[in-house]
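Novice: Attaching a single structure in structure tokens format; questions to follow.
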Amino acid sequence: MTVDPRTLRPSHSFAPDVLAEIHRMADQGLYAIRGFGAKRRLPSFDDLVFLGASMSRYPLEGYRERCATDVVLGARHAKKPIELKIPITIAGMSFGSLGAHAKEALGRAATAAGTSTTTGDGGMTEEERQSSKTLVYQVLPSRYGLNPDDLRRADAIEVVVGQGAKPGGGGMLLGQKITERVAGMRTLPVGIDQRSACRHPDWTGPDDLTIKIHELREITDWEKPIYVKIGATRTAFDVALAVKAGADVIVLDGMQGGTAATQDVFIEHVGIPTLPAVRMAVETLKDLDMHRTVQLIVSGGIRTGADVAKALAMGADAVSIGVAALVALGCNKPVFEEDYHALGTEPGYCHHCHTGFCPVGITTQEPRLEARLKPEHGARLMRNYLTALTLEVQTMARACGKSHVHNLEPEDMVALTIEAAAMAGVPLAGTDWIPGRNGG
Amino acid sequence: MCGIVGLFLKNPALRPKLGGHFATMLIGMSERGPDSAGIAVYHDPAGPGASKLTLFHADGGYPWREVGGQLSEALDAEVDVIHKANHAVLRVEASAEITRAWLAAHHPEVRVMGYGTTMEVYKDMGPPAEVAAKYGLAEMAGSHAVGHTRMATESAVTTEHSHPFTAAADMCLVHNGSLSNHNRLRDWLGRRGLEFETDNDSEVAARYFAYRMSEGASLDEAMEAGLKDLDGFYTFTMGTNDGFAVLRDPIACKPAVLAETDDWVAMASEFRSLAHLPGVAEATIWEPAPGVVYTWSLEGTA
Amino acid sequence: MITVDLAETGLRDLNGRLHALSAETNERAWKLVNPLGQHAIAAGLTLPIEVEIDGHVGYYCAGMNKQATVTVNGHCGWGVGENIMSGLVRVRGNASESAAASGHGGMVVIEGDASSRCGISMKGVDIVVGGSVGHMSAFMAQAGNLVVCGDAGPDLGDSIYEAVIYVAGAVSGLGADCVEKDMTPEHVERLRALLAKAEIDADPARFRRFGSARRLYNFNVDHADAY
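Following this line, the structure appears as structure tokens:
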């Protein structure tokens, strides 16, 4: 009997990918683990647009008329604040989740572009410290590889409370990526699946974080800015508490933020989108009269110069890129297709960082695969991407009449959807309506 | 988010100096809680049939004496008013219950910070040292005191979310930590007739304990019940008319230190608040064990 | 001997001085008085100097210690010797939570009791406790040795990796994947050496050994309830 395709009714609730996942759970008895950030559609910067120049607002000429992009981070307490040429930094990603070539490529590119990179849940590698002129050193719940020498040779310190992909979850690295070198850095047996703490071992809560930040300052003689990184959840409270605990800079990572290995349910169902998180963070900073005194770096789904410009317009001091940086290095590029297929995926859909078999040599410890990403070449790609992003931001900022990208403001934007208007606190295009604020 | 302190004087000879020692303890917790402070002091009991209430109004010029006069007339009872900054302590020759009912009906703009026979509660914005000075804490005498310093999440100039929370006569609670099931508990208590002033988790804990005690549980039993019903991270210090209790949750991620001599028992979130107490060098110093209720009673002391 | 009164001298001044010492310094013996529970006292030391503290200290005393010998003649708050790299930290009294948290090397000696989470996340430090330890001690302990002459609270060694635990007294309960193992002659000798280095008097023969069952090293659905 032939099947009449007209009678095939897909279930929205039990869609093909959901059916496949339940079958897999029944086979394996474990949650799905993957890399990448939230894949589902969310209200985002895409739903905001800029109001360019018009009869009442005049643009700046490209190239000739200055549109500055520099930013200073951490002047609140540190003797040596961070000075960046562009308001785009590279987010914390571990050596372990990434290979050494990728870390080096990112470091070199950041140095060339005048910005910073960040270590991750495995500690600082020589490659990164040598290649990256401005290096932010993370202090995570796991404390893998943490030591006072690296703390002192870092340029800033980032205390990680959480990340957007999994606020409330700890780091994860599967056995196939725990090579001798990675194991040595993390003090773990080779080849085991790393279990990570979700809380710091020696403090819990902002009142005790205050004391921890004080200790980190004491050890580094108050030289370096202290960042506090949070995944976006109860952002208004978190930002207030981070400021009071002594943070010089707040790094806020929305649910679109990436990961190399996390439970899929965690990525998709915990945390709020970057869009409302930025608004809440800036409102809180303004409430505390700390906006621009404590800087805000925003991450989680930053992809284009438009995203950067919109984040800045909402009040961020800078953005941080993670997934996008890896994409610039070649993530999901349609090359080495057989290797994608071997993972059960295709270019454009791959989120298999957790396997360690990254076809383009980024999130792998396999020398054969890492060889596909040459650090100098990767650095060039990344540098180009950062340059392009910056040019895009400047283009939009000039169109709005700004001589410094920090002069972008929420009033330069309107929203295309009601959700985005409510979340971002900007009016729905063509109206004065900001849901929740005015006009019912 | 905050620091908590408690001081309980076993030796009556020290009671004139309660405030002096306690102010130092409170100020020691300023870094944990720079934004506001709250204190409950137990002293000067009202006589039989009488009550003491601490009231608050944000306007320092609020006509307390006038209100006191109205109250006196309405209840046909003597009323004594002591005005301190944003607070007023009323001594009334009538029960706290009747007084509170009258206030609720005639002056709902006044907030009742504490009531009973012995306890006075002061909660105000500003660094702990300022709050202590504003209310003359250092000069107060008394048998015991419980205090809290707060790291605020909201900028509004209000003490609504401040501890200590009062849920029964002469009963107050301070809390360091964060509960995770307080919303459902609030509903549950609400259906049993309790009313809440804030959405604060610590208020839920205070009213929960008061509820258990109103149903016949002893202080110990109420706190034991809390171990089962309250979820989250906490160090609690509770004050009652004649006692003082400390409890940490079983996971114990929030700090607590206890110190005891023949003359006093003190608790604080950090040792540095205890460092200046007389005789602390010889004191027994220990951490309350997780999930264990510690109580002290004035009974047996003079 | 250089004596610093922490009631007079600010902590930043003291720590700054200690950090500024050069390797050739002859200022090698320090006595700190009136610590009054302050935090981060002698944190971040890098030279083989000796610092003795008379009184009770707050959190993170001798945090991230390298090479120095720090002695607390009193009790200490949270995280004493946290992330220690080398050297020796000795507490004559009791320690609060998370003593020697995430320590990579060297030795931390608590002559009294340590509280909960003693040795949490330890990565190679040797910890010797003359008294008892609280719950969740050696939680996620990756490497190093934890020696407990008294009792151990519940969930000892929960989620332990390759660290080794020795307990002379009672063990309230073992955490996920932590099991008792044989005390071989080799372990007895290693323990003897640890106790000697810690200058703690105890008979190695009284101790039992605990370590990882290694069932959680790679996920297996049949061990799911250990997670």
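Chains as they are written, first to last, in my numbering: chain A, 4 to 443; chain B, 16 to 317; chain C, 2 to 228. For each residue, glycine too, the CB sits at the ideal point set by N, CA and C.
Answer yes or no: does any C-beta atom of chain C fall closer than 9 Å to that of THR223(A)?
Specialist: yes
Novice: Grab the span of the beta strand (DSSP E) containing ILE97(B) for me, first residue to last.
Specialist: 94-99
Novice: When you compare only the Cα positions, how much space is there between ASP114(C) and ARG207(B)?
Specialist: 44 Å
Novice: Does DSSP classify HIS407(A) as helix, strand or coil?
Specialist: Collapsing the DSSP output to three states places HIS407(A) in a strand.
Novice: Can you check which of these residues, GLU200(C), GLY135(C), THR26(C) and SER23(C), is closest to PRO303(B) by C-alpha distance?
Specialist: GLY135(C)
Novice: Under 8 Å between beta-carbons, which chain C residues line up against PRO192(A)? List them in chain order, please.
Specialist: Here the neighbours are TYR162, GLU163 and TYR218.
Novice: Following the continuous alpha helix (DSSP H) through GLY308(A), name the residue where it begins and the one where it ends.
Specialist: 308-316
Novice: Would you mind listing the beta strand (DSSP E) stretches within the region 309-397 of chain A that are 3+ residues and don't spill past its ends, in chain order?
Specialist: 321-324
Novice: Tell me whether the beta-carbon of LEU22(C) lies closer than 9 Å to the beta-carbon of ILE50(C).
Specialist: yes
Novice: Round the Cβ separation of MET155(B) and GLY43(B) to the nearest angstrom and send it over; I've been treating them as touching at under 8 Å.
Specialist: Actually they do not touch by this definition, with Cβ atoms about 17 Å apart.
Novice: By DSSP, does GLU86(A) sit in helix, in strand, or in coil?
Specialist: strand
Novice: Within 9 Å of any Cβ in chain A, is that where the Cβ of PHE208(C) sits?
Specialist: With 9 Å as the cut-off, PHE208(C) does not count as an interface residue toward chain A.
Novice: With distances taken from CA atoms, which of GLY170(C), THR26(C) and ALA63(C) is nearest VAL149(C)?
Specialist: GLY170(C)
Novice: Can you check whether the CB of LYS215(A) is closer than 9 Å to the CB of GLN141(A)?
Specialist: No. Outside cutoff.
Novice: For PRO209(A) and chain C, any beta-carbon pair shorter than 9 Å?
Specialist: no
Novice: Would LEU262(B) pass as an interface residue toward chain C - the criterion being a Cβ-Cβ separation below 9 Å?
Specialist: no
Novice: At the level of alpha carbons, what is the spacing between ASN410(A) and ALA316(A)?
Specialist: 7 Å
Novice: Taking only three categories from DSSP, how would you classify TYR140(A)?
Specialist: strand
Novice: Report the option in THR236(A), ALA113(A), SER14(A) and SER145(A) whose CA atom is closest to the CA atom of LYS136(A).
Specialist: Taking the Cα of LYS136(A) as reference, the smallest distance to any Cα among THR236(A), ALA113(A), SER14(A) and SER145(A) is reached at ALA113(A).
Novice: For VAL189(C), which residues from the same chain have a beta carbon less than 6 Å from its beta carbon, with the 5 sequence-adjacent residues on both sides left out?
Specialist: PRO205
Novice: Does the separation of the CB atoms of SER100(A) and THR366(A) fall below 9 Å?
Specialist: Less than 9 Å separates the beta-carbon of SER100(A) from that of THR366(A).
Novice: Going by other Cβ atoms of all chains shown within 10 Å of its Cβ, with 16 needed for buried, is MET58(A) buried or exposed?
Specialist: exposed
Novice: Are the C-beta of TYR60(C) and some C-beta of chain B separated by less than 9 Å?
Specialist: yes
Novice: Alpha carbon to alpha carbon, how far is ALA327(A) from CYS361(A)? Give it in angstroms, no decimals.
Specialist: 16 Å
Novice: Could you name the residues of chain B that LEU1(A) contacts, counting a contact when the two beta carbons are closer than 8 Å?
Specialist: Residue 1(A) falls outside the range modelled here, since chain A spans only 4 to 443, and no answer is possible.
Novice: If contact means a Cβ-Cβ distance below 9 Å, which residues of the region 285-300 of chain B contact chain C?
Specialist: Within the region 285-300 of chain B, GLU285, PHE286, ARG287, SER288, LEU289, ALA290, HIS291, VAL295, ALA296 and ILE300 place their CB atoms closer than 9 Å to a CB of chain C, listed in sequence order.
Novice: Let me check understanding here. Comparing Cα to Cα, which of GLU163(C), SER160(C), VAL110(C) and VAL52(C) lies closest to ALA69(C)?
Specialist: Per the Cα distances, VAL52(C).
Novice: Compare the C-alpha of GLU200(C) against each of GLU25(C), ILE161(C), MET123(C) and ILE111(C) and name the closest.
Specialist: ILE111(C)
Novice: Using a beta-carbon distance cut-off of less than 9 Å, what residues from the region 84-116 of chain C approach chain B?
Specialist: GLY94, ASN95, SER97, GLU98, ASP114 and SER116
Novice: If you pair each beta-carbon of the region 23-40 of chain A with each one of the region 258-275 of chain A, do three or more pairs fall below 8 Å?
Specialist: yes
Novice: Using a C-beta to C-beta distance shorter than 7 Å, which residues of chain A count as neighbours of ARG47(B)?
Specialist: Correct list: ASP210 and THR213.
Novice: What separation, rounded to the nearest whole angstrom, lies between the Cα atoms of PRO370(A) and ASP246(B)?
Specialist: 48 Å
Novice: Establish whether the CB of ALA10(B) and some CB of chain C are separated by less than 9 Å.
Specialist: With chain B represented from 16 up to 317, any question about residue 10(B) goes unanswered, as that position is not in the structure.
Novice: 9 Å is my cut-off, CB to CB: does LEU37(C) come that close to chain B?
Specialist: yes
Novice: Between ASN27(C), VAL90(C) and ALA43(C), which has its C-alpha nearest ARG13(C)'s C-alpha?
Specialist: With distances taken between CA atoms, ARG13(C) lies nearest to ALA43(C) out of ASN27(C), VAL90(C) and ALA43(C).
Novice: LEU273(B) and THR255(B) - do their beta-carbons sit closer together than 9 Å?
Specialist: no
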